[in-house]
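A short write-up of the structure that comes next.
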Amino acid sequence: MPTITAIEPSRRREGRFELLVDGKAHSTVSIDIIERLGLRVGAELHGGTEALERETTLLATYDRAMRMLAFRARAATELRRALIRKGEVPEFVDAAIDRLTRAGFLDDGAFARQFASARAAGGRASRRRIQQELSRRGVARDTADDAIAEVYAEDAVDEAMVAVEAARRKSRSMQALDPAVRTRRLYAFLARRGYGADEIRQAMAAVAGDAAKLDAAD
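In our numbering, the protein residues as written are 38 to 255.
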C-alpha cells in the first residue's frame, strides 16, 4: 500500500510542502490538505492516491490562478478562459475561481473600475470602447456600466474634451504629413479609440481651428 515517507517544505513555493510517497516525489500540498486528509510520515494511503491526487490538482490550479492574478488583474471570466486554454480542468478551474472570489482576490466590480480609470486617462479609449473591452473580458454589462459611470463621475471626465485633447496630441505627432493624409489618419485614430462621429467631428474641428490660428499668426 502506498506510504508517505516524507513531508518537506517546498523550496520553490512558500506555504507549500513536497510529499514523498514510497521514497519518490509525489505532489505539492498545502497545510490545509495535510490537515484535512490527515497526512503524516508513515501513514498509508488507503484506497490508493486518487483522493490525494484530486486535492493536489485542485491546489495546482488554484496556485496557477494566483500567479496569473499576481502578474496582472483579470476579470473572473477572463481568468477562467485563460486557465482552460492552458489545459486546466474546467471543474477545477471553477473551484479555484469560486475560492478566489470568496477570498476577495477576484472582484469584477473592482477590476472594471481599475480598468476603466486606466483606459479613460488621457483619452486612451472612449466610454463605448471601454465598455466593449470589458465585455470581451467577460464583465457583465451592468457591472461595466456602473464602473464606467463611477470613474467618469469621480474624475469629472468630459468625453468630448478628452477626445479633443487626444486629437491635439496625435495631430502634433503628424505635422510632417500632407494635410489630407493627416486628417484621414486622425479620423481613423479617434475611431479606433471608440469615439462617435459627433465627438470626432468636434475634435477635428478643434484641431483645424488650432491650425488656422497658427497660420493667421504667421
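The beta carbon of each residue, even a glycine, is placed where N, CA and C say it ideally should be.
Quiz item: Can the beta-carbon of Leu57 be found less than 8 angstroms from the beta-carbon of Leu76?
Solution: Their beta carbons are not under 8 angstroms apart, which means Leu57 does not touch Leu76 by this criterion.
Quiz item: Any Cβ of chain C within less than 8 angstroms of the Cβ of Gly52?
Solution: In the structure shown, chain C cannot be found, because there is only a single protein chain.
Quiz prompt | Buried or exposed by the 16-neighbour rule on C-beta atoms within 10 Å, applied to Gln212 | solution = Exposed, because fewer than 16 other Cβ atoms sit within 10 Å of the Cβ of Gln212.
Self-check item: Selection from Asp215, Arg53 and Arg156 that minimises the alpha carbon distance to Val194
Solution: In terms of Cα proximity to Val194, the closest of Asp215, Arg53 and Arg156 is Arg156.
Practice problem: Quick one: grab the DSSP three-state call for Lys123. | Solution: Judged by DSSP in its simplified three-state form, Lys123 adopts coil rather than helix or strand.
Quiz item: Secondary structure at Val188, three-state DSSP: helix, strand or coil?
Solution: Shown here, Val188 sits in a helix according to DSSP, grouped into three states.
Quiz item: Can you tell me whether DSSP reads Pro216 as helix, strand or coil?
Solution: Helix.
Exercise. Look at the alpha carbon of His83 and the alpha carbon of Arg91, and state the distance between them as a whole number of angstroms.
Key: Their backbone Cα atoms lie some 15 angstroms apart in a straight line.
Exercise. Go through the segment 60 to 140 residue by residue and report every complete run of the beta strand (DSSP E) that reaches 3 residues or more, in order.
Key: Counting only runs of 3 or more, we get 61 to 67.
Quiz item: Is the segment 224 to 244 touching the segment 162 to 174 in the sense that three or more CB pairs, one from each, lie closer than 8 angstroms?
Solution: The segment 162 to 174 vs the segment 224 to 244: in contact.
Quiz item: Buried or exposed: which applies to Ile68, given that a residue is buried once 16 or more other Cβ atoms fall within 10 Å of its Cβ?
Solution: It is exposed - the Cβ of Ile68 has fewer than 16 other Cβ atoms within 10 Å.
Quiz item: To the nearest whole angstrom, what separates the beta carbons of Ala184 and Arg150, a pair I think is in contact under 8 angstroms?
Solution: Sure, about 4 angstroms apart at Cβ, within 8 angstroms.
Practice problem: Using 10 angstroms around the beta-carbon of Glu236, count the other beta-carbons present and answer buried if the total reaches 16, otherwise exposed. | Solution: Glu236 counts as buried, since at least 16 other C-beta atoms from the protein chains shown sit within 10 angstroms of its C-beta.
Quiz prompt | Residues near Met105 in its chain [Cβ-Cβ closer than 8 angstroms; skip 5 each side] | solution = So the qualifying residues of the chain are Arg111, Leu116, Ala119 and Leu120.
Quiz item: Are there 16 or more other CB atoms within 10 angstroms of the CB of Glu51, so buried, or fewer, so exposed?
Solution: Label assigned to Glu51: exposed.
Quiz item: Taking the DSSP output, what are the residues bridged to Val58?
Solution: Assignment of beta-bridge partners to Val58 by DSSP yields Ile41 and Lys61.
Exercise. Assign Thr98 to one of two classes, buried (16 or more other C-beta atoms within 10 Å of its C-beta) or exposed (fewer than that).
Key: Label assigned to Thr98: buried.
Quiz item: So Glu170 is in the alpha helix (DSSP H); what residue range does that whole segment cover?
Solution: Following the DSSP letters along the chain, one finds Glu170 inside the alpha helix (DSSP H) bounded by residues Arg164 to Arg173.
Practice problem: Find the nearest neighbour of Arg48 within the set Thr40, Val66, Met38 and Thr42, judged by alpha-carbon distance. | Solution: Nearest C-alpha to Arg48 among Thr40, Val66, Met38 and Thr42: Val66.
Quiz item: In the DSSP assignment, what residue or residues form a beta bridge with Arg53?
Solution: In the DSSP assignment, Arg53 is bridged to Ser67.
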